[in-house]
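Presented below is the structure to which this report refers.
Number of protein chains: 2
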Amino acid sequence: MKTGYFDDKRNTYVIENMFPRRPLINYIWNEEYIMGVDHTGQGKGFGSVGEGLRRDLFLPDCDNRLVYIKDEETGECWCFNKPFRRGKLDEYRCETGVGVQTIYGTYKEIQGKFSMTVPEAGKAELWQLKFKNVGEQSRKLSVYVYAKVHVLETFHSSYNISDWNEQVGGFYFSHKIYGAQHPYSGIYVCADRDAVSFCTSDTRFRGMYQTYENPIGVETDTLDNKGSSYDDYPSATMQFRFELEQNQTETINLVVGLATCVEEAAEDARTYLQEGTFEGVVQARKETSAEVERIYLLESGDAYIDRLTNVWLKNQVQLGKTWARVYGKGVRDMLQDITAFVSMDGDLAKTKIKQCLSYQFGDGNTVRMFAPFLRHPYVDGAAWIPETVVTYMKETGDIEFLDEVVPFFECDESGTVLEHIRRGIGFLTGQLGSHGLCLWGGGDWNDSIDNAGMQGIGESVWLSIATVKACKHYQEILKYIGRTEEAKIVKEKADRMTDNIIKHGFEGGHFIYGITDWGEKVGSDDCEEGKIYLNPQSWAVLAGIFDEADSNKLMDVVEERLHCDYGYVQCAPSYTKLDNHIGRSTGFLPGCVENGSVYNHGVTFKIAADCKLGRAEQAYRSVKEILPNNPVLEGCGVEPYAVTNMYLGPENPYDAKFAPCSWITGTAGWLYRCITEFIFGISAEYEGLKVAPCLPQELDNVTIRRKFRGAVYNIHIQRGENARIACDGVELSSNIVPIFEKGTTHEVEVYLG
Amino acid sequence: MKTGYFDDKRNTYVIENMFPRRPLINYIWNEEYIMGVDHTGQGKGFGSVGEGLRRDLFLPDCDNRLVYIKDEETGECWCFNKPFRRGKLDEYRCETGVGVQTIYGTYKEIQGKFSMTVPEAGKAELWQLKFKNVGEQSRKLSVYVYAKVHVLETFHSSYNISDWNEQVGGFYFSHKIYGAQHPYSGIYVCADRDAVSFCTSDTRFRGMYQTYENPIGVETDTLDNKGSSYDDYPSATMQFRFELEQNQTETINLVVGLATCVEEAAEDARTYLQEGTFEGVVQARKETSAEVERIYLLESGDAYIDRLTNVWLKNQVQLGKTWARVYGKGVRDMLQDITAFVSMDGDLAKTKIKQCLSYQFGDGNTVRMFAPFLRHPYVDGAAWIPETVVTYMKETGDIEFLDEVVPFFECDESGTVLEHIRRGIGFLTGQLGSHGLCLWGGGDWNDSIDNAGMQGIGESVWLSIATVKACKHYQEILKYIGRTEEAKIVKEKADRMTDNIIKHGFEGGHFIYGITDWGEKVGSDDCEEGKIYLNPQSWAVLAGIFDEADSNKLMDVVEERLHCDYGYVQCAPSYTKLDNHIGRSTGFLPGCVENGSVYNHGVTFKIAADCKLGRAEQAYRSVKEILPNNPVLEGCGVEPYAVTNMYLGPENPYDAKFAPCSWITGTAGWLYRCITEFIFGISAEYEGLKVAPCLPQELDNVTIRRKFRGAVYNIHIQRGENARIACDGVELSSNIVPIFEKGTTHEVEVYLG
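Here the protein sequences line up with chains L and F, keeping their order. Counted from 1, the first sequence has number 223 at position 213 by this note's numbering; the numbering is strictly sequential. Counted from 1, the second sequence has number 267 at position 257 by this note's numbering; the numbering is strictly sequential.
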């Protein structure tokens, strides 16, 4: 069954199938709070509560946001947002939007509507419930709103206090931790109307032996109005009671939030529950989203690619720039997402880049992940910095950014942004192995080749290639600011490394991935498994290791050896034998993650490489292959409005094509750039907006509205006899459209040859 | 509703109420595997897989052992051991036995029987299922047996492989962990008959949006017969199909076990599924239990106390001597349980004592807990050793035990058992504070006063008292083996400490608990909260700090200030304010655990103290107050066949009297000793069996069968004009009945004065 449809006018995806293969997720967030919410309302929720610390308000993987309606006359009770079995509800739909999620469920002529959002600031989520009598008879109803809050932070449930708090005017849950008081130990749950009764215990509401389908709490006239402590899983359930005439609607607003103390909870709850707050937040979100949409508005003729580009990928990229992979904030991951984000909000991008740089060590390497910290010694972090900085500067013209001072991590030193780049390049080019290639350390982009270089001997060919690419970006910066001598030195280093990459890394028509501590090759035809990897090939093109002809040959090898009908596998063949000289990737089942899945992040590198070589057909086909509307991916599980990190590869014995993961992926940022900058070819340069489309034959009439440095460029691309570009009727001598005054609008006509 | 009744003939407790306040737990175990199983079959299961390591086979707190019956003609399907809602089954009962658990559930004239046990050795649990047609019509049935095995040991589900394995002849689950192969990475689930189909995924069997009440897997003709890996919660479900005529029964035997490899799994499964194995294990368990029962057989006139003493407490003590508190093995906890256990199996007791001593550091202190390790620096471990060794030696006569050599923990040294005791006493008496009392360190018996002495200044009065008691046991040993000079030195130390205890620890009629690092008293009337603690008073009596008159006064204070109608609170009043100068106990809610609960372990110390002073009425009343058949404890949640660690204290704001914990408590061992040794007064001495009852007036005709050093003593206690004891018709000059030849039986007549 189809999951639903896009309502482009309202920028929502309407889910009609309540039972998709796996839950369809939406994320809603601000800078300090994030909620994950699926098409039934379930999902995580947590806030940032200090450097690298988070406080869970909800737990993932459980039923934690449920709304029950009880007909007071018949006693029948149902959960309208999650009915637990097919055929239960008469009507259902979920409207997944940017920053708002709304679930409708109708049963026995009562329509429930459950909307959720997150305010622009603050550690809280807002719920709005509406109940409408769509039948003819007057009805007496009880409504039970259930939130499975996460109170227990330490193992000892004796610390828990779960009770109604008069001052807060709702539930206040706390965990009286010995030793240190947690800054955000309190969770409050409040409504804007009086509850008839409440229950603080999951065991008492659900029932010790029952399920959420038929909780025991609703069987009595009211809930038990008791607090709880030891050995109870806390939860917050409120009962409301009202009568509904025909067509009458009742509204209840609720807030679930984190607070440091009762007083703060009371004040925040009052603020969030002021009349009109929910509607105001939703309206503000809508306006912000519309503004972001207008920064790059694509009309390509393919409605799916247009809406992904204009709305959904932007949203996904914005998630990444703040929350990275949600389970943790990878410096590398954020840097890539910010690179895609710079056009959407230059100031925020700048703040985020500085945040990332503050996790760079004094030696130039970066932390792999913070919030929480992952201290395994990955060594590629610095390779991602120069491109992000360059892209930011080109978008904004803010060259002074190079002089901003950012502290290094875990040392007393600080340095300018340029110094951060310099130390990063210094780290990468200074830690070389016996073949003159970058030491592999604890790993690079491929997190799961995590034991090939731990002894300080193994070298990564891919990382060496990425270093060459980083050096080229750095060179470009140095040249732009007139430091040509330094640029020359960097170029020499890059050239030397390029030679070594070709000499030691290229064999049998492709680049190997690296050489381990044991001197064994990875990604070579000499290997029994994992004979070829995708990324070294595509990055060799991106880094310009070869000339165009040899680069094209390389990409032909990729097509031949790594392609399947839903993308490109990360390596082939997949490992079936655990190899501790490589790392955990070889322990994964074939087709899983780095072990031979269609790892979309890698596919987007490949698309970028295609575009660099003008391989327009391959690039566009690859985009279409990995998008969830590829017909061969029917039933793969992916949200139609988000891109996924991977599809299980064709070699997976159980579930090829399945996409277990959702949203959190570097794919979004790179795919956004592939589409907007590389395929449709609009990118920022220091001196203007570059127009260099790489369009497949099937596209011949494309319109793009691009906002750049405050001016609007209406770009119209069509086929013509001769390639040429005109702006406001004047033909341009290059493919760079100049910078215009803020607030002006310009018509750009592009004819492809 | 009453939970059930005891069937004393079969040593079972029959649970008739399927929905008690909280699950009623049974434990079944051998030396390397343990299963927790409640009255519906759910609970944990794990094996020891190396020093301090365990491997979970099941997870607690979830539905993990379910058996469904589907009527193939009507399509109706139900879980007969856990029906998820009231009124679902026509008949239900659970027979909780020693080493075996059996659940019966009847619905629509099909009776299901689910029996579980653990073999005498091996890391596995055995299941036997029987299905009987108790109606008149022939029936076609499918049976689905579901086990939610715990495969995921690391966070990365890509390592999981869940599939059917032909060599094993059943499921084989493994987790291909990178870096190190786990010795017991495999879990197998096999049956002694062919399955029609199987399912390896919890999501696919239960259904992504359904509950275990109505799993989606049973809705189709067969299960999907697919393996699974990434992002699926593994589980093992097998479908069996058969027809049942009227009164016909079908039997299926299953095993769920841990293995290091496929070959071992295949071999173990074959062994465990041999015909008659299940019945053999149950029979052997029965015989062992009967033998243990005959070691101390009480007929007091109170049927409840008799069966607890003869069967259930012994079982609980045996759990403790091997698995301690299950979640971990506390050295202190095991030592106490072994002290109660010595009469049941001297050889095993000896092995266990040596195991505990191997966790004693070279400086004499012990590890607090192993499997897993708890390294917080508790300092009371050594105080428990002497009594355990003395009790073992008196029971067995094995004085040579003192010369056995046991290594110290985490150092190269070894020492005799006597040396272990010596170093322990050395540690206790050598680490004194400014008042000449024992340093409090990270805590003592009261685990939750864990920050009063961390700076090395605070002193524990209780630990000082316990040290005096330990010294007296040590003295006794030294005197017995003729080392009178050493005994004298120990006595001097103990006397000095006794003086300091009285001087600095006694005020206002009771002993305080201690003095913190900040010089603040704990357990004093000067304190705002926690003005008096139970243990320092009872232990002062046990250690003989005062003479009899003053000791009695002390116990009068206990009665006055700490008594409630279901026992004695650990301290009063409970803390309401967090005090980091004391520790986590003050963060617990009032009435929870060490913060003012009726902590039964402490109550048993108090009962022992009563007996020492001949306060027979108080002792017996206290026993009856804390037993779960105390009428005021109606609905407290406790299994009638086990004693609990605590009842929430009267000051708990939410749930006074509730007993959230089950089984795992030092209460069992001490209560067993209180009843058998102190109240009914039969204890081992070097030279014979001491008979010194401390009986309340209500008991005047008691018979005890005691096996001691291979001979049987039939002891009959009654009231008479003059106190006297006769053995085989001969009056004895003391209350010690001599040691007899193994295999002989003797009649002991005891007349109380």
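Yeah, the Cβ is synthetic: ideal placement off N, Cα and C, and Gly gets one too.
Residue interval of the beta strand (DSSP E) (run including residue i)
{"i": "L/C737", "result": "734-737"}
{"i": "F/R716", "result": "711-718"}
{"i": "F/C137", "result": "Per the sequence shown, residue 137 of chain F should be read as Trp rather than Cys. From DSSP, the beta strand (DSSP E) with F/W137 extends over 134-143."}
{"i": "L/N175", "result": "170-175"}
{"i": "L/C621", "result": "From DSSP, L/C621 is part of no beta strand (DSSP E) but of the alpha helix (DSSP H) over 610-622."}
{"i": "F/M565", "result": "F/M565 -> not in any beta strand (DSSP E); alpha helix (DSSP H) instead, spanning 558-572."}
Run of the alpha helix (DSSP H) containing residue i, from where it starts to where it stops
{"i": "F/C684", "result": "Unbroken run through F/C684: none, as it is neither H nor E."}
{"i": "F/F383", "result": "No alpha helix (DSSP H) contains F/F383, which DSSP labels as neither H nor E."}
{"i": "F/V265", "result": "Careful: F/V265 lies outside any alpha helix (DSSP H), inside the beta strand (DSSP E) at 259-269."}
{"i": "L/T406", "result": "395-406"}
{"i": "L/L367", "result": "356-367"}
{"i": "F/N724", "result": "Segment 721-729 is the beta strand (DSSP E) holding F/N724; no alpha helix (DSSP H) there."}
{"i": "F/K634", "result": "626-636"}
Contacting residues, own chain, Cβ-Cβ under 7 Å from residue i (five flanking each side not counted)
{"i": "F/H611", "result": "N655, T675, G676, T677, W680"}
{"i": "L/R571", "result": "I542, A582"}
{"i": "L/L709", "result": "S310, G311"}
Beta-carbon contacts of residue i that lie in its chain and below 6 Å, excluding the five residues immediately before and after
{"i": "F/N755", "result": "Asn is not the amino acid found at residue 755 of chain F; the sequence shown has Thr there. Result list for F/T755: V722, in chain order."}
{"i": "F/S152", "result": "K80, E82, Q249, R251"}
{"i": "F/W322", "result": "Y651"}
{"i": "F/K142", "result": "Q121, T259"}
{"i": "F/F94", "result": "E223"}
{"i": "L/G374", "result": "A392, R433, G434, G436, F437"}
{"i": "F/L488", "result": "E496, A497"}
{"i": "L/Q115", "result": "Reading off the sequence, residue 115 of chain L comes out as Gly, not Gln. So the qualifying residues of the chain are F90, N91, L99, Y102, G122."}
{"i": "F/I522", "result": "V471, G515, K531, G533, S534"}
Local Cβ density within 10 Å of residue i, reported as buried at 16 or more and exposed below that
{"i": "L/H430", "result": "buried"}
{"i": "L/T84", "result": "exposed"}
{"i": "L/D454", "result": "buried"}
{"i": "F/Q138", "result": "buried"}
{"i": "L/D71", "result": "exposed"}
{"i": "L/A381", "result": "buried"}
{"i": "F/S743", "result": "exposed"}
{"i": "L/A300", "result": "exposed"}
{"i": "L/M218", "result": "exposed"}
{"i": "F/T494", "result": "exposed"}
{"i": "F/H386", "result": "exposed"}
{"i": "F/L63", "result": "exposed"}
{"i": "F/Y15", "result": "exposed"}
Interface flag, residue i vs chain B, CB-CB below 8 Å
{"i": "L/R64", "result": "No chain B appears in the structure shown, which is made up of the protein chains L and F."}
Unbroken beta strand (DSSP E) runs of length 3 or more, entirely within the stretch 420-479 of chain F: which are they? 424-426, all fully within the stretch 420-479 of chain F.
Just by C-beta distance, which residues in the stretch 212-236 of chain F are closer than 9 Å to chain L? Cβ contacts with chain L: T213, G217, M218, Y219, Q220, T221, Y222, E223, N224, I226, K236.
Give me the subset of the stretch 168-184 of chain L whose CB atoms are less than 7 Å from a CB atom of chain F, sorted by chain position. Contact annotation: in the stretch 168-184 of chain L, residues whose CB is within less than 7 Å of a CB in chain F are S168, Y169, I171.
Between the stretch 620-648 of chain L and chain F, which residues of the former have CB atoms less than 7 Å from a CB of the latter, in chain order? The residues in question: there are none.
Secondary structure, beta strand (DSSP E): runs of 3+ residues fully inside the stretch 49-88 of chain F: Runs found: 55-60, 63-68, 75-81.
Which ranges would you report for the alpha helix (DSSP H) in the stretch 171-253 of chain L if only whole runs of at least 4 residues count? The qualifying runs are 212-216.
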